[in-house]
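Q: Numbered per our numbering, the sequence shown spans residues 44 to 185. For every residue, glycine included, the Cβ atom is placed at its ideal position computed from N, Cα and C. First, the structure itself, so that you have it in front of you.
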Amino acid sequence: MFNIDDALLTKIGYNVAMLTEEQKDKYKREIQEELNRRVAERFLPELSDDEIVEFEDVQGNPDRTRRWLAEFHGDYATREDYKAVRQLMDSDEEAMSFYAAALWLRYAIPGYGKMMQEVFDEYVEELIDMRNEVNKQLGLIA
44 MFNIDDALLT
54 KIGYNVAMLT
64 EEQKDKYKRE
74 IQEELNRRVA
84 ERFLPELSDD
94 EIVEFEDVQG
104 NPDRTRRWLA
114 EFHGDYATRE
124 DYKAVRQLMD
134 SDEEAMSFYA
144 AALWLRYAIP
154 GYGKMMQEVF
164 DEYVEELIDM
174 RNEVNKQLGL
184 IA
């Protein structure tokens, strides 16, 4: 999972002291959604049609998500990484879906963790570069 916290927001140029919790949660959610989109672009070509169907079922069918988590990760609700995901999501169902999908991908795609880290690092660099360019255009930095 990606570590999207106040430290990351600060790293990419936000003054977190000036943001409300709602604003921080909004920015964290937007970053998470973009990262998910980028990761999907990378991993989908590596899956067979049957694997895509299974993945979509685990991710998109709440009953299947619950069964899959219960079967393979019965203690998921007590894990710190799940708790972090839950804080970013609007509902338990949304958090379970995201969490189950991420775990499923770890098993289905060799090197998935490394790929996720590469996508994360690239996106953070893009955000930093974009913030620096905006600041340069505004004359805030040389």
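Hey, is the segment 65 to 85 in contact with the segment 156 to 170, meaning 3+ C-beta pairs nearer than 8 Å?
A: With the cut-off at 8 Å, the segment 65 to 85 and the segment 156 to 170 touch.
Q: Please report how far the alpha carbon of A135 lies from the alpha carbon of R129, in whole angstroms.
A: According to the sequence displayed, residue 135 carries Asp and not Ala. The straight-line gap from Cα to Cα measures roughly 7 Å.
Q: Between the C-alpha atoms of Y57 and Y166, what's the straight-line distance to the nearest angstrom?
A: Roughly 15 Å between the two C-alpha positions.
Q: Give me the Cβ distance between A60 and W111, rounded to the nearest whole Å; I'm assuming they're in contact under 8 Å.
A: Contact doesn't hold; Cβ gap of about 41 Å is too wide.
Q: Do K67 and I47 have their C-beta atoms closer together than 7 Å?
A: Taking 7 Å as the Cβ cut-off, K67 and I47 do not qualify as a contacting pair.
Q: Ignore the nearest five residues each way along the sequence and tell me which others in V101's own chain have a CB closer than 7 Å to its CB.
A: Cβ neighbours of V101 beyond the five flanking positions: R107, T108, W111, A143, A144 and W147.
Q: Quick check: I152 and F98, are their CB atoms within less than 7 Å of each other?
A: Cβ atoms of I152 and F98: not closer than 7 Å.
Q: Considering only C-alpha positions, which residue in the set G182, V96, E176 and F163 is nearest to E77?
A: Looking at the Cα atoms, F163 is the closest of the given residues.
Q: Hey, is W111's beta-carbon within less than 7 Å of any beta-carbon in chain C?
A: Given the protein chain composition of this structure (a single chain), no chain C is represented.
Q: What does the alpha-carbon distance come out to for the pair G117 and P88?
A: Cα to Cα, the separation comes out at about 30 Å.
Q: Taking all protein chains shown into account, decide if L131 is buried (16 or more other Cβ within 10 angstroms of its Cβ) or exposed.
A: That one is buried.
Q: Please identify the residue among S140, D124 and E114 whose C-alpha is closest to the C-alpha of G103.
A: The shortest C-alpha separation from G103 is found at S140.
Q: Going by C-alpha distance, which of L90, I74 and A138 is nearest E123?
A: With distances taken between Cα atoms, E123 lies closest to A138.
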